[in-house]
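Every letter in the sequence shown is one number past the one before it in our numbering, and letter 174, counting from 1, is 392. Encoded as structure tokens, the structure appears first; notes follow it.
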Amino acid sequence: MNISPPLVIGIETSCDDTACAVLDGEGRVLSSVVSSQIEAHRPYGGVVPEIASREHLENWPQVSRRALREAGIELKDVGGVAATRGPGLVGSLLVGLSLGKSLAYGLKLPFHGVHHLEGHLFSSFLRGLEKAESVPEHFVGLVVSGGHTSLLRVSGASVVSLAETRDDAMGEVFDKVGKRLGLPYPQGPTVDQLAEFGDASLAPLPIPSTKASLDFSYSGLKTQTLVELERLERAGCDTSYRPEEDPPFRQEVLHLLAGFREAASEQILRRLRRLHRKQKIPFLAVSGGAAANRLLRRKLEAWATAEGVELRLVPLRYASDNAAMIAHAALLRQRRGLHDDPFTVEASSRIPYLRRPAR
Ligand code: KG4
Ligand code: ZN
Numbered sequence: 219m220n221i222s223p224p225l226v227i228g229i230e231t232s233c234d235d236t237a238c239a240v241l242d243g244e245g246r247v248l249s250s251v252v253s254s255q256i257e258a259h260r261p262y263g264g265v266v267p268e269i270a271s272r273e274h275l276e277n278w279p280q281v282s283r284r285a286l287r288e289a290g291i292e293l294k295d296v297g298g299v300a301a302t303r304g305p306g307l308v309g310s311l312l313v314g315l316s317l318g319k320s321l322a323y324g325l326k327l328p329f330h331g332v333h334h335l336e337g338h339l340f341s342s343f344l345r346g347l348e349k350a351e352s353v354p355e356h357f358v359g360l361v362v363s364g365g366h367t368s369l370l371r372v373s374g375a376s377v378v379s380l381a382e383t384r385d386d387a388m389g390e391v392f393d394k395v396g397k398r399l400g401l402p403y404p405q406g407p408t409v410d411q412l413a414e415f416g417d418a419s420l421a422p423l424p425i426p427s428t429k430a431s432l433d434f435s436y437s438g439l440k441t442q443t444l445v446e447l448e449r450l451e452r453a454g455c456d457t458s459y460r461p462e463e464d465p466p467f468r469q470e471v472l473h474l475l476a477g478f479r480e481a482a483s484e485q486i487l488r489r490l491r492r493l494h495r496k497q498k499i500p501f502l503a504v505s506g507g508a509a510a511n512r513l514l515r516r517k518l519e520a521w522a523t524a525e526g527v528e529l530r531l532v533p534l535r536y537a538s539d540n541a542a543m544i545a546h547a548a549l550l551r552q553r554r555g556l557h558d559d560p561f562t563v564e565a566s567s568r569i570p571y572l573r574r575p576a577r
């Protein structure tokens with residue numbers, strides 16, 4: 219296999235995954251190691267920040283060693299270092315960012331403090347061991363994760379936000395609905411899986427509107443779903459989670475989950491249709507953990523085919539948090555001659571990536 223310089227090492231520790239990846243100068247993913255902390259957080263039903271930071275520190279030596287070994291390289295071969303600078307849990311970010319900064323300083327290499335959203339945005343172009351697809355000059359990006367539901371317009375180096383969620387993110391409500399049902403962490407992928415066994419038309423839920431704006435809103439849908447669940451319970455339906463049974467819920471609950479998932483993903487499609495009517499979307503790149511959602515992927519594929527939109531759905535292995543996407547975003551910046559001063563980049567739990575366009 220051809221390997222082109224510069225090799226970029228990526229570090230991602232914004233939440234509960236400790237990740238390290240090595241990409242070559244053409245965006246080939248030579249290694250991408252993600253060490254999950256699911257077991258450490260499971261007893262608490264969600265991520266405990268203090269535990270996450272400690273786990274990152276503990277996991278880093280073996281994660282980084284494995285990333286170098288799988289890529290077949292040594293630190294002396296590396297030509298750039300990237301780490302997530304935010305947003306995320308500040309204690310977690312500090313671990314990866316400090317490691318990245320010191321590595322870059324010690325090895326006298328260019329350093330990149332990457333915004334997590336920027337990492338997701340360009341992840342749809344990763345192709346594993348093949349060269350990354352070149353990023354089109356103009357495209358619309360949709361990032362759906364546990365922290366973001368963002369529609370972005372990219373034109374060369376300029377990225378502007380077209381729409382954001384006004385409240386919860388799409389992945390976040392999947393987690394919250396699943397948590398209410400007693401599902402173990404992480405709930406989002408399981409809710410999606412269970413929804414496959416329900417019939418959405420038997421439990422329709424309203425699709426939230428934000429009037430003329432393209433913005434998203436998910437907290438109303440979450441409340442509606444929980445109200446419907448209570449209604450089922452008051453009517454005597456057993457909504458408890460029975461992991462030893464298959465399926466692990468009564469059929470009424472599965473219909474409700476299907477109705478919830480239908481409304482959650484249809485909201486995205488409505489916004490895209492509206493945007494496409496106003497200003498054609500020639501190319502759409504979809505990424506983020508919730509971009510793994512089966513129904514969303516099916517709907518996007520059908521819509522893009524019908525409308526002649528070039529669609530790039532993030533490969534499933536780069537949908538949820540990983541360090542390959544951070545190294546890739548850094549590589550794109552490095553190609554533009556950009557890099558950061560490791561002495562001034564700071565970790566921040568909330569940092570805006572972009573400005574909103576004037577309306
Ligand atoms: O990108 P990611 O790993 O982390 C953040 O940046 O938030 O996304 C994780 C989120 C979680 O909320 C998770 O429940 C959600 O993505 N998620 C899903 C699915 N797989 C992961 N949500 C809906 N359907 C899925 N299949
Ligand atoms: Zn993410």
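We put the CB at the ideal spot given by N, CA and C, even for glycine. The structure displayed is predicted, hence computed values, not measured ones.
Limits of the unbroken alpha helix (DSSP H) element including Phe-478: 469 to 496
Mind checking whether the beta-carbon of Pro-305 lies closer than 6 Å to any heavy atom of the ligand KG4? no
Look up His-330 in the DSSP assignment and give the residues it is bridged to. Ala-300
Among Ile-269, Glu-276, Pro-328 and Val-266, nearest to Ile-227 - alpha-carbon criterion: Pro-328
Which residues have a Cβ closer than 5 Å to any heavy atom of the ligand ZN, listed in chain order? Ser-363 and Asp-539
Would you say the segment 343 to 363 touches the segment 304 to 320, given that touching needs at least three Cβ pairs under 8 Å? no
Please look up how many angstroms separate the CB atoms of Val-409 and Leu-475, rounded, as I've assumed it's under 8 Å. 6 Å
Would you tell me roughly how many angstroms separate the C-alpha atoms of Leu-412 and Ser-250, rounded to the nearest one? 29 Å
Cut-off 6 Å between Cβ atoms - residues of its own chain near Gly-243, not counting five sequence neighbours on either side: Ser-222, Pro-223 and Pro-224
Closer than 8 Å is the cut-off here; do at least three beta carbon pairs connect the segment 266 to 276 with the segment 555 to 566? no
What is the rounded straight-line gap between the Cα of Leu-286 and the Cα of Glu-230? 15 Å
Does DSSP classify Ile-227 as helix, strand or coil? strand
State the Cα-Cα distance for the pair Thr-383 and Leu-572, rounded to the nearest angstrom. 14 Å
Taking 6 Å as the cut-off, does the CB of Phe-434 come closer than this to any heavy atom belonging to the ligand ATP? The ligand ATP is not part of the structure shown, which contains the ligand KG4 and the ligand ZN as its ligands.
Rounded to whole angstroms, what is the Cα-Cα separation between Ile-425 and Leu-514? 14 Å
On a CA-only basis, which of Leu-248, Leu-241 and Gly-318 is nearest Glu-564? Give me that one, please. Gly-318
Shorter than 6 Å, the distance from the beta carbon of Ala-547 to the closest heavy atom of the ligand KG4, or not? no
Have a look at the DSSP bridge pairing and note the partners of Thr-367. Val-362
Put Val-563 into one of helix, strand or coil per three-state DSSP. coil
When DSSP labels each residue in this structure, what does Arg-554 get in the three-state scheme? coil
Buried or exposed by the 16-neighbour rule on C-beta atoms within 10 Å, applied to Arg-220: For clarity, residue 220 is Asn in the given sequence; the question names Arg instead. Under this definition Asn-220 is an exposed residue.
Does the segment 536 to 549 touch the segment 330 to 345, meaning 3 or more C-beta pairs lie closer than 8 Å? yes
Could you pull out every residue in the same chain whose Cβ sits closer than 7 Å to the Cβ of Ala-576, ignoring the five residues on either side in sequence? Unreliable positioning characterises Ala-576 in this predicted model, as indicated by a pLDDT of 47, which lies under 50. A coordinate reading is not provided.
Check this for me: beta carbons of Leu-529 and Leu-502, under 7 Å apart or not? yes
Bridge partners of Leu-172, per DSSP? Residue coverage of the chain in this structure runs from 219 to 577, which leaves residue 172 outside it and unanswerable.
Do Gly-364 and Gly-389 come within 7 Å of each other at the CB atom, strictly closer than that value? yes
Is the segment 482 to 489 in contact with the segment 422 to 441, if contact means three or more CB pairs nearer than 8 Å? yes
May I ask you to check if the CB of Pro-533 is nearer than 6 Å to at least one heavy atom of the ligand KG4? no
State yes or no: is the C-beta of Ala-510 nearer than 6 Å to some heavy atom of the ligand KG4? yes
Could you have a look at Val-191 and say whether DSSP puts it in helix, strand or coil? Residue coverage of the chain in this structure runs from 219 to 577, which leaves residue 191 outside it and unanswerable.
Enumerate in chain order the residues of its own chain whose CB-to-CB distance from Arg-568 is below 8 Å, with the five nearest sequence positions on each side excluded. Gly-304 and Pro-305
Do Ser-538 and Glu-507 have their beta-carbon atoms positioned less than 7 Å apart in this structure? The sequence given here places Gly at residue 507; Glu does not occur at that position. Cβ distance < 7 Å, so Gly-507 and Ser-538 count as in contact.
Compute the beta-carbon to beta-carbon distance between His-334 and Gly-298, rounded to the nearest angstrom, for a pair I have assumed lies under 8 Å. At roughly 18 Å, the Cβ-Cβ gap does not stay under 8 Å, so His-334 and Gly-298 are not in contact.
Check the DSSP bridge columns for Ser-373 and list the partner residues they point to. His-356 and Ser-376
To the nearest whole angstrom, what separates the beta carbons of Leu-370 and Val-377, a pair I think is in contact under 8 Å? 6 Å
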